[in-house]
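There are 2 protein chains.
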Amino acid sequence: MAQTAKRQQRPNPDDVRQVILDATLRLYLENGYAGTNTDEIAALSSVSKQTIYRHFADKDDLVREAIRRLIAAAEDQGAESFDALAGSDDPARDLRIFARQHLRDVIQPDIMRIRRRIIAEVDRFPDVARAWYDAAPKRGQEKLAASFARLQERGFLRMEDPMLAAEQFNWLILSGPLNRAMFDAASVTDTSRHAAYADAAVDVFLAAYGAGRS
Amino acid sequence: MAQTAKRQQRPNPDDVRQVILDATLRLYLENGYAGTNTDEIAALSSVSKQTIYRHFADKDDLVREAIRRLIAAAEDQGAESFDALAGSDDPARDLRIFARQHLRDVIQPDIMRIRRRIIAEVDRFPDVARAWYDAAPKRGQEKLAASFARLQERGFLRMEDPMLAAEQFNWLILSGPLNRAMFDAASVTDTSRHAAYADAAVDVFLAAYGAGRS
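These protein sequences, in sequence, are chains A and B. With the numbering used here, letter number 156 in the first sequence gets 156, and the count goes up by one each step, no holes. With the numbering used here, letter number 127 in the second sequence gets 1127, and the count goes up by one each step, no holes.
Printed below as a string of structure tokens:
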């Protein structure tokens, strides 16, 4: 009880971090990296600059962490379908579930906006772009490759290079809606063809990599 | 001979257009749509503004035409492999030739730079982005779908929806190197894995859509 009372007096450090990172992400999306500064982050998150520097080293740290957190939130939403995949007894069904969930996780207005912003600034801020690439497509594909390797051990898939197969599956699922979203921002909310698109990706994937049992 | 002499006196209108469009593309890549203006285009191409307006209606017309011409140049390079595909007697071979050529045509520094620029400006200049999308991925996929339909008639492929299959094949070929290039500009010149990537795309595609004869 004493601890609870203490918490109410002093804001939870995690909450403070979250408020600061939300402000950072919003400013970065609106103004880009060069147009984001700690004065505005402090004003928008209603904390002092000292508080910001107690939690983060510098602007670079803030922007990277804001991006990392956005990606992590999307990943958390999809974590269940990744786990279900590796241990699946019905890959044809669970690959479909995964593919549909993957589209829902990635083709989101905020994620598409930040993706566009990062691509726009790749020449000026290559480190931010590299951090995104490593965290978003690359890490997802590595997790997927690990699931495929397990499914292969269990006799459901047959492939020489699980990392390549994961990359192909990832882009078979995402590329149509993703590239449309890059060039037509309004298309993000049109999910009418997503399920059919996800299912078609699974059909192609299984034709290439399915084994007898799948 | 008289005509040749005349041409030397008065510049060929096609050459003038090309010089103006080259200048437009260069300024657009450097400064974006808002930062491109006809005064600078005139200065960079060493023609008068009157000359520019004799060839083009306005800035919008100039930028669209510059983009269209860049895409057309890439398409011309790839036209032969498209044609060869539709009439192929050995699709397994000619799909490989096509896929490798397609990567060479698209993963080029200028095309990747303009793609990034257009994505960066999609909110402010949606018409430019739409023009790119229609000309670049969409038109290519339509041509590919027509080739697949012919190969299907001839017994080499089997698919319900050639347009969907064309979209999948296009992204199976391009997505890995293309997305790497979006987030890592230097990767454009690293083509060491392109051939293997193209061949793997064909393997997956044929596993899904190959018929007895292919």
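Ideal Cβ positions, reconstructed from N, Cα and C, are used throughout, including at glycine.
Same chain, Cβ closer than 6 Å to A149 (chain A), five either side skipped, listed in chain order: The sequence position of residue 149 (chain A) within the first sequence is 149, counting from 1. Cβ within range, chain order: P162.
P1137 (chain B): contacting residues in chain A (beta-carbon distance under 8 Å): Numbered from 1 along the second sequence, position 137 holds the residue referred to as residue 1137 (chain B). Here the neighbours are N179.
The alpha helix (DSSP H) enclosing M1159 (chain B), as first and last residue numbers: Locating residue 1159 (chain B) in the second sequence gives position 159, where the first residue counts as 1. For M1159 (chain B), no alpha helix (DSSP H) run applies, since DSSP gives it neither H nor E.
Residue(s) in a DSSP beta bridge with G1210 (chain B): The residue labelled residue 1210 (chain B) in the question sits at position 210 within the second sequence. In DSSP, G1210 (chain B) forms a bridge with B:L1157.
Nearest-angstrom Cα separation, counted from I1118 (chain B) out to T1024 (chain B): Numbered from 1 along the second sequence, position 24 holds the residue referred to as residue 1024 (chain B). Numbered from 1 along the second sequence, position 118 holds the residue referred to as residue 1118 (chain B). Rounded to whole angstroms, T1024 (chain B) to I1118 (chain B) spans 14 Å at the Cα level.
Integer-rounded CB distance, given that L1095 (chain B) should sit under 8 Å from F1183 (chain B): As a position in the second sequence, residue 1183 (chain B) is number 183, starting the count at 1. As a position in the second sequence, residue 1095 (chain B) is number 95, starting the count at 1. 28 Å between Cβ atoms; not a contact.
Where S1175 (chain B) meets chain A, residues with beta-carbon distance less than 7 Å: Translated into positions along the second sequence, residue 1175 (chain B) becomes position 175. One finds W171 and S175 in chain A with Cβ atoms closer than 7 Å to the Cβ of S1175 (chain B), taken in chain order.
Sub-8 Å separation of W132 (chain A) and W1171 (chain B) beta-carbons: For the purposes of this step, residue 132 (chain A) is taken as residue 132 along the first sequence, with counting starting at 1. For the purposes of this step, residue 1171 (chain B) is taken as residue 171 along the second sequence, with counting starting at 1. Taking 8 Å as the Cβ cut-off, W132 (chain A) and W1171 (chain B) do not qualify as a contacting pair.
Given 8 Å, three or more beta-carbon pairs between the region 53–69 of chain A and the region 30–43 of chain A: yes
Reference R180 (chain A); option with closest CA among A:H55, A:I107, A:L157 and A:F169: Position 180 of the first sequence holds residue 180 (chain A). Looking at the Cα atoms, A:I107 is the closest of the given residues.
Inter-residue Cα distance where the pair is D203 (chain A) and F98 (chain A): Locating residue 203 (chain A) in the first sequence gives position 203, where the first residue counts as 1. Locating residue 98 (chain A) in the first sequence gives position 98, where the first residue counts as 1. Near 13 Å, if we compare the C-alpha coordinates of F98 (chain A) and D203 (chain A).
From A:Y197, A:R124 and A:A42, residue whose alpha carbon lies closest to that of H102 (chain A): Position 102 of the first sequence, counted from the first residue, corresponds to residue 102 (chain A). Looking at the Cα atoms, A:Y197 is the closest of the given residues.
Short-range partners of chain A found in the region 1123–1150 of chain B, where Cβ spacing is below 8 Å: D1123, P1126, A1129, R1130, W1132, Y1133 and P1137
In chain order, each alpha helix (DSSP H) run of at least 4 residues that lies wholly inside the region 1068–1115 of chain B: 1091–1106
Beta-carbon neighbours of A208 (chain A), restricted to chain B and to distances below 7 Å: Working through the first sequence from its first residue, we reach residue 208 (chain A) at position 208. Result: D1203, V1204, A1207 and A1208.
Cβ of Q1168 (chain B) within 8 Å of any chain A Cβ: Counted from its first residue, the second sequence places residue 1168 (chain B) at position 168. It does; some Cβ of chain A falls within 8 Å.
Test: I97 (chain A) CB closer than 8 Å to a CB of chain B: Within the first sequence, the letter at position 97 stands for residue 97 (chain A). No - not a single Cβ of chain B is within 8 Å of the one on I97 (chain A).
Neighbour flag for F1183 (chain B) against chain A, beta carbons, 8 Å: Your numbering for residue 1183 (chain B) matches position 183 in the second sequence. With 8 Å as the cut-off, F1183 (chain B) counts as an interface residue toward chain A.
Length of the line joining the Cα atoms of H55 (chain A) and I71 (chain A): Position 55 of the first sequence holds residue 55 (chain A). Position 71 of the first sequence holds residue 71 (chain A). In this structure, the CA atom of H55 (chain A) is about 20 Å from the CA atom of I71 (chain A).
Cβ shell of P177 (chain A) (< 7 Å), same chain only, five flanking positions each side left out: Sequence index remark: in the first sequence, residue 177 (chain A) carries index 177 (1-based). Result list for P177 (chain A): L103, I107, H194 and Y197, in chain order.
Contact set for L1085 (chain B): own chain, Cβ-Cβ below 6 Å, skip 5 residues either direction: As a first step, residue 1085 (chain B) must be located in the second sequence, where it is residue number 85. Around L1085 (chain B): D1094, F1098 and S1147.
S175 (chain A) beta carbon less than 8 Å from that of S1175 (chain B): Counted from its first residue, the second sequence places residue 1175 (chain B) at position 175. Counted from its first residue, the first sequence places residue 175 (chain A) at position 175. Cβ atoms of S1175 (chain B) and S175 (chain A): closer than 8 Å.
Alpha-carbon spacing of F1169 (chain B) relative to L151 (chain A), whole angstroms: Locating residue 1169 (chain B) in the second sequence gives position 169, where the first residue counts as 1. Locating residue 151 (chain A) in the first sequence gives position 151, where the first residue counts as 1. Straight-line Cα distance between these residues: approximately 25 Å.
Straight-line Cα distance separating I1173 (chain B) from A1201 (chain B): Locating residue 1201 (chain B) in the second sequence gives position 201, counting from the first residue. Locating residue 1173 (chain B) in the second sequence gives position 173, counting from the first residue. Taking the straight line joining both Cα atoms gives about 5 Å.
For F1082 (chain B), the nearest candidate out of B:D1190, B:K1143 and B:A1066 (CA to CA): Looking up residue 1082 (chain B) in the second sequence gives position 82. Nearest C-alpha to F1082 (chain B): B:K1143.
Cut-off 6 Å between Cβ atoms - residues of its own chain near M112 (chain A), not counting five sequence neighbours on either side: Counted from its first residue, the first sequence places residue 112 (chain A) at position 112. Closer than 6 Å at Cβ, skipping near neighbours: A181 and V188.
Local conformation of K1006 (chain B) per DSSP, three classes: Here residue 1006 (chain B) refers to the residue found at position 6 of the second sequence. Any reading at K1006 (chain B) needs caution, since the residue's pLDDT is 48, under 50, leaving its predicted position unreliable; the model's value is listed next. Correct three-state label for K1006 (chain B): helix.
Nearest-angstrom beta carbon gap, L44 (chain A) and L27 (chain A) [assumed within contact, 8 Å]: For the purposes of this step, residue 27 (chain A) is taken as the residue at position 27 of the first sequence. For the purposes of this step, residue 44 (chain A) is taken as the residue at position 44 of the first sequence. Yes, L27 (chain A) and L44 (chain A) are in contact; Cβ-Cβ is about 7 Å, under 8 Å.
First through last residue of the alpha helix (DSSP H) which encompasses Y133 (chain A): Here the question's residue 133 (chain A) lines up with position 133 in the first sequence. DSSP places Y133 (chain A) in the uninterrupted alpha helix (DSSP H) bounded by P126 to Y133.
Terminal residues of the alpha helix (DSSP H) in which E1040 (chain B) lies: In the second sequence, counting from the first residue as 1, residue 1040 (chain B) sits at position 40. Unbroken alpha helix (DSSP H) run through E1040 (chain B): T1038 to S1045.
Check whether A208 (chain A) and A1208 (chain B) have beta carbons under 8 Å apart: Position 208 of the first sequence, counted from the first residue, corresponds to residue 208 (chain A). Position 208 of the second sequence, counted from the first residue, corresponds to residue 1208 (chain B). Yes, they are a contact pair.
Member of B:D1015, B:S1048, B:P1013 and B:A1129 whose CA lies at the smallest distance from the CA of V1063 (chain B): Indexing the second sequence from 1 puts residue 1063 (chain B) at position 63. Ranked by Cα distance from V1063 (chain B), the options B:D1015, B:S1048, B:P1013 and B:A1129 are led by B:A1129.
D1190 (chain B), DSSP secondary structure in three states: Within the second sequence, the letter at position 190 stands for residue 1190 (chain B). Reduced to three states, the DSSP call for D1190 (chain B) is coil.
Residue-chain proximity (L27 (chain A), chain B), Cβ-Cβ < 8 Å: Translated into the one-based positions of the first sequence, residue 27 (chain A) becomes position 27. It does not: the Cβ of L27 (chain A) has no partner Cβ on chain B nearer than 8 Å.
Listed by chain order, chain A residues near A1198 (chain B) by CB distance under 9 Å: For the purposes of this step, residue 1198 (chain B) is identified with residue 198 of the second sequence, where counting begins at 1. Going along chain A, no residue has its Cβ under 9 Å from A1198 (chain B), so there is no contact; the nearest lies around 12 Å.
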